[in-house]
Amino acid sequence: MTVTYSSYLKVDELLQCQQPLSDGPEHDELLFIVIHQSYELWFKQLLHELDFLVRLFNGGERNRALHTLKRVDAIYRTLIQQVDILETLTPLEFMSFRDRLSTASGFQSYQFRELEFLYGAKDAKKLSNYEPGSEHYRRLQKRLEAPTLWDAFLRFLAHEGHHIPKSELERDFSQVAAPSTAVQKVLIDVYRNDPLVSDICEALVDIDTSLQQWRYRHVKMVERTIGHKMGTGGSSGVGYLQSTLFRPVFPDLWAIRSEF
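What follows is the structure in structure tokens.
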């Protein structure tokens, strides 16, 4: 059969995935669904790019790693812009269909949890939101036990001839990595003597910054829509989201700023 635009992209199947539950349905529910489905597609692409980035770091491919980091940051900037569209949804418009969400909550996004684990925010308790033995549970369990993006970067630095302590390279990957003064000394040396790798460091900082900006925009969007009400699915809403703000993904790269 001839491949067409529609058949290649599965357009007909894709456009059947938006199924509002409100009576009518309410006009604004479609926007809410489309935006969040778009987020999930971008999460899928982010996982695809970041897993590729880990392989590039493992293979010592400096230039392609830098290129991939720039793509990841561009995706995050797109996610930030999508908040602009969500913010056109007024509190009354959202309340017109909010009850239909029932126990559904963004906290249940397993792809977002995978991204958190890949960035290093390991927390075994978050697996309790998923059915043991399910595909989602297995994916998160695998991410929990796997090295993070930062671990891959440290192995890359070691491969490049920088002295990364063995304790950092062989740590328990299921735990959150603590900032390391030894690693920070290596990073300062990188910035002073290895321009390309320092560009990679700055690209990691760009991603960290964009991720924090996206979290902040998301918090303010939720606050302007539902205030401090309980979130969907029984979550604590704005209170929890605010607690996630200003937590750097790569704290060692921020700690060294005052040392230059």
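Everything in the sequence shown is counted per the working numbering, starting at 834 for the first residue and increasing by one.
The beta-carbon is built from N, C-alpha and C at its ideal position, and this holds for glycine as well.
What you are looking at is a predicted structure, and each value in this text was computed from that prediction instead of being measured.
Next item on the list: Could you check what DSSP says for MET928 in three-state terms: helix, strand or coil?
Entry: Taking the sequence shown and counting its residues from 1, one reaches residue 928 at position 95. MET928 falls in the helix class under three-state DSSP.
Checklist line | Whether GLN915 touches SER871 by CB criterion (8 Å) | finding: Residue 915 sits at position 82 when you count from the first residue of the sequence shown. Residue 871 sits at position 38 when you count from the first residue of the sequence shown. The answer is yes: Cβ separation under 8 Å.
Item checked: PRO998 in three-state terms, based on DSSP -> Counting from one through the sequence shown, the residue named residue 998 turns up at place 165. The answer is coil: DSSP assigns PRO998 none of H, G, I, E or B.
Next item on the list: Would you give the residue range spanned by the alpha helix (DSSP H) that SER871 belongs to?
Entry: Taking the sequence shown and counting its residues from 1, one reaches residue 871 at position 38. That run of the alpha helix (DSSP H) goes 862 to 891.
Check: Going by beta carbon distance, what residues of the same chain come within less than 8 Å of LEU973, once the five residues before and after it are set aside?
Finding: Along the sequence shown, one-based indexing puts residue 973 at 140. So the qualifying residues of the chain are TYR943, ARG946, GLU947, PHE950, LYS959, LEU960 and TYR963.
Next item on the list: Flag this pair as yes or no: are the beta carbons of GLU920 and ARG1080 separated by less than 8 Å?
Entry: Along the sequence shown, one-based indexing puts residue 920 at 87. Along the sequence shown, one-based indexing puts residue 1080 at 247. No; because the gap between Cβ atoms is not below 8 Å, this pair is not in contact.
Checklist line | Given GLN1017 as reference, the closest of VAL905, TRP875 and LEU987 once Cα atoms are compared | finding: Looking up residue 1017 in the sequence shown gives position 184. Ranking VAL905, TRP875 and LEU987 by Cα distance to GLN1017 puts LEU987 first.
Item checked: Simplified DSSP assignment, three categories, for TYR963 -> In the sequence shown, residue 963 corresponds to position 130, counting from 1. Coil, per DSSP.
Check: Residue range of the alpha helix (DSSP H) that GLU968 falls in?
Finding: On the sequence shown, residue 968 is found 135 positions in, with the first residue counted as 1. It spans 968 to 978 - the alpha helix (DSSP H) in which GLU968 sits, taken as one unbroken run.
Notebook entry, point to check: When you compare each of PHE1093, ASP1032 and ASP1085 to ARG897 by their alpha carbons, which one comes out closest?
Noted result: By one-based count along the sequence shown, residue 897 stands at place 64. Nearest of PHE1093, ASP1032 and ASP1085 to ARG897, Cα basis: ASP1032.
Note to self: For a quick check, are the C-beta atoms of PRO998 and ASP1085 less than 8 Å apart?
What the structure shows: What you label residue 998 is simply residue 165 of the sequence shown in a count that begins at 1. What you label residue 1085 is simply residue 252 of the sequence shown in a count that begins at 1. In this structure, ASP1085 does not lie closer than 8 Å to PRO998 by Cβ.
Next item on the list: Can you tell me which of TYR838, LEU1044, ILE866 and LEU1078 puts its alpha carbon nearest to the alpha carbon of GLN849?
Entry: On the sequence shown, residue 849 is found 16 positions in, with the first residue counted as 1. The shortest C-alpha separation from GLN849 is found at ILE866.
Next item on the list: Please state if the CB of LEU922 and the CB of LEU864 are separated by a distance shorter than 8 Å.
Entry: Here residue 864 corresponds to residue number 31 of the sequence shown, with the count starting at 1. Here residue 922 corresponds to residue number 89 of the sequence shown, with the count starting at 1. Between LEU864 and LEU922, the CB-CB gap stays under 8 Å.
Item checked: Span of the alpha helix (DSSP H), counted from its first residue to its last, around VAL1052 -> In the sequence shown, the residue the question calls residue 1052 occupies position 219. Element bounds for VAL1052: 1028 to 1059.
Notebook entry, point to check: CB-CB under 8 Å to THR981, same chain, minus the five flanking residues each way: which ones, in chain order?
Noted result: Residue numbering aside, residue 981 sits at position 148 when the sequence shown is read from its first letter. Closer than 8 Å at the Cβ level, and outside the excluded window around THR981, lie PHE950, LEU951, TYR952, GLY953, LYS955, PHE1006 and ALA1010.
Check: Can VAL1019 and HIS992 be called in contact, C-beta distance under 8 Å?
Finding: To locate residue 1019, count along the sequence shown from 1; it is residue 186. To locate residue 992, count along the sequence shown from 1; it is residue 159. Against a cut-off of 8 Å, the Cβ pair of HIS992 and VAL1019 comes out as no contact.
Check: Hey, how far is the Cα of PHE876 from the Cα of ASN891?
Finding: As a first step, residue 876 must be located in the sequence shown, where it is residue number 43. As a first step, residue 891 must be located in the sequence shown, where it is residue number 58. Answer to the nearest angstrom: the Cα atoms are 22 Å apart.
Notebook entry, point to check: Would you call SER935 buried or exposed, if buried means 16 or more other Cβ atoms sit within 10 Å of its Cβ?
Noted result: Stepping through the sequence shown from its first residue, residue 935 is reached at position 102. Residue environment for SER935: exposed (fewer than 16 other C-beta atoms within 10 angstroms of its C-beta).
Margin query: Taking its Cβ as the centre, do 16 or more other Cβ atoms sit within 10 Å of PHE927, making it buried, or is it exposed?
Written below: Mapped onto the sequence shown, residue 927 falls at position 94. With 16 or more Cβ atoms within 10 Å of its Cβ, PHE927 is classed as buried.
Margin query: Please classify SER929 as buried or exposed, where buried requires at least 16 other C-beta atoms within 10 Å of its C-beta.
Written below: Locating residue 929 in the sequence shown gives position 96, counting from the first residue. Result: buried.
Notebook entry, point to check: In the structure shown, what three-state DSSP assignment does ASP845 receive?
Noted result: Reading the sequence shown from its first residue, position 12 is the one you call residue 845. Note: ASP845 maps to helix in three-state DSSP.
Checklist line | PHE1083 vs TRP983 beta-carbon contact at 8 Å | finding: Working through the sequence shown from its first residue, we reach residue 1083 at position 250. Working through the sequence shown from its first residue, we reach residue 983 at position 150. Their beta carbons are under 8 Å apart, which means PHE1083 touches TRP983 by this criterion.
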